[in-house]
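For reference, the structure is listed below as structure tokens.
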Amino acid sequence: MFSTYQRAQGYLGHWTTVGLVLALTISIASIAQLYANHAFEIVTAQMAATASISLKRPISAMKKSHEHAKLRFDLDADITPLFNWNTKQVFVYAVASYPGKRDDIENNVVFWDKIVKSADEAVISLKNARGKYEFCDLHPSFENRSAQLSFGWSIQPYTGFLLWDNVATTGTVQLSS
Amino acid sequence: MIGDFMQNPRYNLQQIQTVCMAVASAYMFWKGLSVITNSPSPLVVVLSGSMEPAMHRGDVLLLWNRSKLKIGDIVVYQIKDKAIPIVHRVLRLHKSATKELVLTKGDNNPIDDLGLYARGQRYIERSHIDGAVCAILPFVGYVTILISDYPWMRTVLLPG
Chain D
1 MFSTYQRAQG YLGHWTTVGL VLALTISIAS IAQLYANHAF EIVTAQMAAT ASISLKRPIS
61 AMKKSHEHAK LRFDLDADIT PLFNWNTKQV FVYAVASYPG KRDDIENNVV FWDKIVKSAD
121 EAVISLKNAR GKYEFCDLHP SFENRSAQLS FGWSIQPYTG FLLWDNVATT GTVQLSS
Chain Y
1 MIGDFMQNPR YNLQQIQTVC MAVASAYMFW KGLSVITNSP SPLVVVLSGS MEPAMHRGDV
61 LLLWNRSKLK IGDIVVYQIK DKAIPIVHRV LRLHKSATKE LVLTKGDNNP IDDLGLYARG
121 QRYIERSHID GAVCAILPFV GYVTILISDY PWMRTVLLPG
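Going down the list, the sequences are from chains D and Y.
Just so we're aligned: 115 in full-length UniProt numbering is position 115 of the first sequence, and the numbers increase by one with no gaps anywhere.
Just so we're aligned: 26 in full-length UniProt numbering is position 26 of the second sequence, and the numbers increase by one with no gaps anywhere.
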């Protein structure tokens, strides 16, 4: 009655189910553990920054010269509680958020990021560090707006769901030259 | 051939039905997932190493396309006239009530993706994005990589 094909199919189906259930269990157990340890509430960050703005000639698809902002910043954060047996890496990033011309516009730019692979390097303390990325707006000028600084983290697990958060800080930076 | 079939038509028809059922349920699963996640291709296999070590070649990613984008999201996007979708992280996000413009970068790449975009394109728009990665399942997608890297595997893994 049963052909080899049907047997193989049954086998494959069974192990797919087993694998999915296992992955889901791993993920839920890991998140529950992080939650129980209050890992998501512990992460706080202190930030401060200064910007240097320069007008640069248009690159690629731009038509006009744009103001580019380069930041120097301080950052103190401890992400040790985000590491457990299912954490492959934590990606951390420093974000500047500033308003646009209209009220509904919101701009978020990453000016620094880092891949943190183990709890040994989870204490981040930077003083007057250079931003990794300089950025410009869609409009040619920042028009002296001020940007809010925040610190983001995102857990990439070995298996299961990604977790993330954006930790607000009191730091601001004036985008003017 | 037809003679063989007519030897035992009920059994043979049942066999065909089983195969049809398998194909239909796989299709149903895929389309169902597509509706739930609101993504045209809710499962993708990582083909390159540009997001190492967050995701390796062969990892299967589950996408979710129902929430607003945020910075730090890993998104899958398509470039016009390029066949392969790209999995990279959101580096800059400019959003208004009607528009979301995104610049992406691979964690493992030294520079952002501006060079990968179409000529004259400075940002990815919301409509180019298939979804943001919400879960990772390791190794499972390696079969597809084996097939594309070593074409002879196709005959071994997919007989008939």
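For every residue, glycine included, the Cβ atom is placed at its ideal position computed from N, Cα and C.
Cβ-Cβ separation, residue j to residue i (assumed contact under 8 Å), whole Å
i	j	result
residue 157 of chain D	residue 136 of chain Y	6 Å
residue 106 of chain D	residue 95 of chain Y	5 Å
residue 63 of chain Y	residue 130 of chain Y	6 Å
residue 163 of chain D	residue 31 of chain D	7 Å
residue 167 of chain D	residue 150 of chain D	6 Å
residue 110 of chain D	residue 93 of chain D	5 Å
residue 58 of chain Y	residue 45 of chain Y	7 Å
Residue i burial status per 10 Å Cβ neighbour count (16 or more: buried)
i	result
residue 180 of chain D	The question about residue 180 of chain D has no answer, for chain D in this structure spans 1 to 177.
residue 128 of chain Y	buried
residue 18 of chain D	exposed
residue 105 of chain Y	buried
residue 125 of chain D	exposed
residue 154 of chain D	buried
residue 3 of chain Y	exposed
residue 55 of chain D	exposed
residue 104 of chain D	exposed
residue 12 of chain Y	exposed
residue 115 of chain Y	exposed
residue 4 of chain D	exposed
residue 124 of chain Y	buried
residue 40 of chain Y	exposed
residue 89 of chain Y	buried
residue 83 of chain D	buried
residue 93 of chain Y	buried
residue 137 of chain D	buried
Residue i versus residue j - alpha carbon distance
i	j	result
residue 43 of chain D	residue 149 of chain Y	43 Å
residue 80 of chain D	residue 26 of chain D	20 Å
residue 34 of chain D	residue 40 of chain D	7 Å
residue 21 of chain D	residue 147 of chain D	44 Å
residue 46 of chain D	residue 66 of chain D	30 Å
residue 121 of chain Y	residue 79 of chain Y	10 Å
residue 159 of chain Y	residue 27 of chain Y	Residue placement at residue 159 of chain Y cannot be trusted, given a pLDDT of 48 that sits under 50; what the coordinates show is reported in the next sentence. Residue 159 of chain Y and residue 27 of chain Y: Cα-Cα distance of roughly 20 Å.
residue 141 of chain Y	residue 171 of chain D	43 Å
residue 10 of chain Y	residue 10 of chain D	22 Å
residue 139 of chain D	residue 160 of chain D	40 Å
residue 74 of chain Y	residue 91 of chain Y	10 Å
residue 28 of chain D	residue 60 of chain Y	18 Å
residue 117 of chain Y	residue 8 of chain Y	58 Å
residue 34 of chain Y	residue 14 of chain D	23 Å
residue 108 of chain D	residue 134 of chain D	13 Å
residue 86 of chain Y	residue 6 of chain Y	50 Å
residue 113 of chain D	residue 74 of chain D	13 Å
residue 31 of chain Y	residue 176 of chain D	50 Å
residue 126 of chain Y	residue 100 of chain D	18 Å
residue 38 of chain D	residue 107 of chain Y	28 Å
residue 16 of chain Y	residue 59 of chain D	59 Å
residue 169 of chain D	residue 109 of chain Y	28 Å
residue 38 of chain Y	residue 62 of chain D	33 Å
residue 78 of chain D	residue 12 of chain D	44 Å
Interface flag, residue i vs chain B, CB-CB below 9 Å
i	result
residue 107 of chain Y	The question asks about chain B, but that chain is absent: this structure's protein chains are D and Y.
- [ ] Examine the Cβ distances between the region 13-22 of chain Y and the region 45-60 of chain Y and report whether three or more of them are shorter than 8 Å.
- [x] no
Task: Meets three-Cβ-pair contact criterion under 8 Å: the region 87-94 of chain D and the region 111-121 of chain D - done: yes
Open item on the list: For the region 56-76 of chain D against the region 129-144 of chain D, do three or more pairs of beta-carbon atoms, one drawn from each stretch, fall closer than 8 Å, so that the two count as touching?
Closed with: yes
TODO: State whether the region 99-115 of chain Y contacts the region 67-86 of chain Y, with contact taken as three or more CB pairs (one from each stretch) at a distance under 8 Å.
DONE: yes
Task: Members of the region 112-129 of chain D near chain Y, C-beta cut-off 9 Å - done: 113, 115 and 117
Open item on the list: Which residues of the region 138-167 of chain D have a Cβ closer than 7 Å to any Cβ of chain Y? Give them in chain order.
Closed with: 138, 152, 154, 156, 157, 158, 159, 160, 161, 162 and 164
Open item on the list: Residues of the region 72-92 of chain D in Cβ contact with chain Y at a cutoff of 7 Å, in chain order, please.
Closed with: 88, 89 and 91
TODO: Taking a Cβ distance cut-off of 7 Å, strictly less, list which residues of the region 58-82 of chain Y are near chain D, in chain order.
DONE: 71 and 72
TODO: Anything in the region 25-50 of chain D with a Cβ closer than 8 Å to a Cβ of chain Y? List those residues in chain order, please.
DONE: 27
- [ ] Could you please tell me which residues of the region 1-15 of chain D, in chain order, have their CB closer than 8 Å to any CB of chain Y?
- [x] 3, 6 and 9
Open item on the list: Along the region 136-150 of chain Y, where does the CB come closer than 8 Å to a CB of chain D? Name the residues.
Closed with: 136, 137, 138 and 140
Open item on the list: Please list, in chain order, the residues of the region 30-47 of chain Y that have any C-beta partner in chain D closer than 9 Å.
Closed with: none
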